[in-house]
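**Q** Below is one structure. I have some questions about it.
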Amino acid sequence: MPVGGRRAQRGFHIMTRKERVRLAITHQQPDKVPWSLGLTHHAVKALADYVGDPRLADPAYLGEWGGEHLGGVAPESPGQFHGLEEEVAPGLWRDGWGIVWDTRGLFGEGEWGRPINCALPEPNLDRFTFPKPPAPEAYAHYPQAIGALGDRFILGHEGHLFELAWALRGMENFFMDMALRPAFVDELLAGITDYYLAMIDQSVQYGIDAFTFGEDWGSQNKGLMMGPKLWRRFLKPCLAKMFARVKAAGKFVHIHSDGDVSAIFEDLIEIGLDVYNPFQPEIMDVYALKKQYGDRLCFHGGLGIQSLLPFGAPQEVKAEVRRLIREVGAGGGYILSPSHAVLTDVPPQNVMAMIEALQEQ
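Taking my numbering, I'd label the letters of the sequence shown as residues 126 to 486.
In structure tokens, the structure reads:
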């Protein structure tokens, strides 16, 4: 059974989890390919029931048991995107930006929601007040939270530029704004960027290794939803400012964007991206992309949650994990993980197969 990612051995140095991730990001070969697990709480419960160990329901215990290499912290503030502060009806929560999220039903298995209102119904900011960035006390838990994560590599959760903009306006409205109302889009994105820059300035005071930004620009089969031209016009300059602020503090930049965004990998590298997640094998050739970009970009993900993990056999999961370690992990530049959060359609036997293959290293 898995018992964690560190072993005490004599005669040579066993790297810490933080050391492995840092080497991978800087395109050097660690002693093991680092990994992260990313299970939803429903998937965690299913795994705990399968293994027969209720302690696995505790994320801290699960992280050590499974050898998780990454840990995350975020400010405790209702102003945060998804910082739900008021339940306006059962399962409906309003955040500090005025967005109401429906967290009911199967969507996200209760861990996420979908916006159901238009908090910014008109394409102007005359009557809109940006929330204040989290106060210093919102970070008071950081030292204890970071300390509890031991030798893991720490991600600070900082920004959702595109996602916040379209959640405020509605996605169709925001795409129309990009096409027809560029001055408004610039003003809106500038306000969001300033909010996140203030958060970065607070967070860099703590022992965080990298900052992660959550953006979903890509579609499943057609590249960027807004196309590279509009992405470069509106989003790239704002991201460049945030990335530069992170880099100036000596930290790494990590970004999450579902979908096929390979058309802008060169742009992301240009503005300072270090790590790209989730690296979906269903829509990207992860082996070819590692060969093409692996000396300039670290990939995080690669194990399919739309194909192999829910529908494959345990031995197939193990075989693919071993191949990813052997081929994509060669020379650094790779953190192995499922290509998104593991949901309950993934059999716990396959989760176990993944963890066991990871810990064979």
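For glycine and all other residues, C-beta sits at the position ideal for the given N, C-alpha and C. Nothing here was measured: the structure is a model prediction, and the numbers come from that model.
1) Is it buried or exposed, H425, if we count other Cβ atoms within 10 angstroms and call 16 or more buried?
2) How far does the beta strand (DSSP E) with S382 in it extend, from its first residue to its last?
3) Helix, strand or coil: which one does DSSP assign to C243?
4) Return the chain-ordered list of same chain residues with a C-beta closer than 6 Å to the C-beta of A199, the five sequence neighbours on each side being excluded.
5) Give the range of the alpha helix (DSSP H) segment to which P463 is assigned.
6) In or out: A373 buried (at least 16 other Cβ within 10 Å) or exposed?
7) Would you kindly report the start and end of the unbroken alpha helix (DSSP H) that includes I480?
8) How would you call V146, buried or exposed, if buried means at least 16 neighbouring beta carbons within 10 angstroms?
9) By DSSP, does H282 sit in helix, in strand, or in coil?
10) How far does the alpha helix (DSSP H) with A265 in it extend, from its first residue to its last?
11) Could you give the distance in angstroms between the alpha-carbon of A149 and the alpha-carbon of Q484?
12) Starting from W226, follow its DSSP beta bridges and name the residues at the other end.
13) So, helix, strand or coil for E201, using DSSP?
14) With distances taken Cα to Cα, identify the nearest neighbour of M350 among Q327, S328, P362, S382.
15) Report yes if the CB atom of L250 is closer than 7 Å to the CB atom of E312, and no otherwise.
16) On a Cα-Cα basis, can you pick out the residue from E201, G238, I224, G197 that is closest to G216?
17) Curious, which full-length alpha helix (DSSP H) runs of at least 4 residues does the region 288–352 contain?
18) For G426, which three-state DSSP category applies?
19) Beta-carbon within less than 6 Å of K143's beta-carbon, same chain only, minus the 5 sequence neighbours each way: which residues are those?
20) If we call anything under 7 Å between Cβ atoms a contact, is F377 one with A335?
21) Is the number of C-beta pairs between the region 168–178 and the region 470–481 that are closer than 8 Å three or more?
**A** In terms of the structure at hand:
1) buried
2) It is not in any beta strand (DSSP E) - S382 carries neither H nor E in the DSSP assignment.
3) coil
4) H282
5) Unbroken run through P463 is the beta strand (DSSP E), 459–463; no alpha helix (DSSP H).
6) exposed
7) 473–483
8) buried
9) strand
10) Taken as a continuous stretch (DSSP letters only), A265 belongs to no alpha helix (DSSP H), as it is neither H nor E.
11) 17 Å
12) W218, P240
13) coil
14) S382
15) yes
16) G238
17) 296–305, 307–328
18) strand
19) D276, F278
20) yes
21) yes
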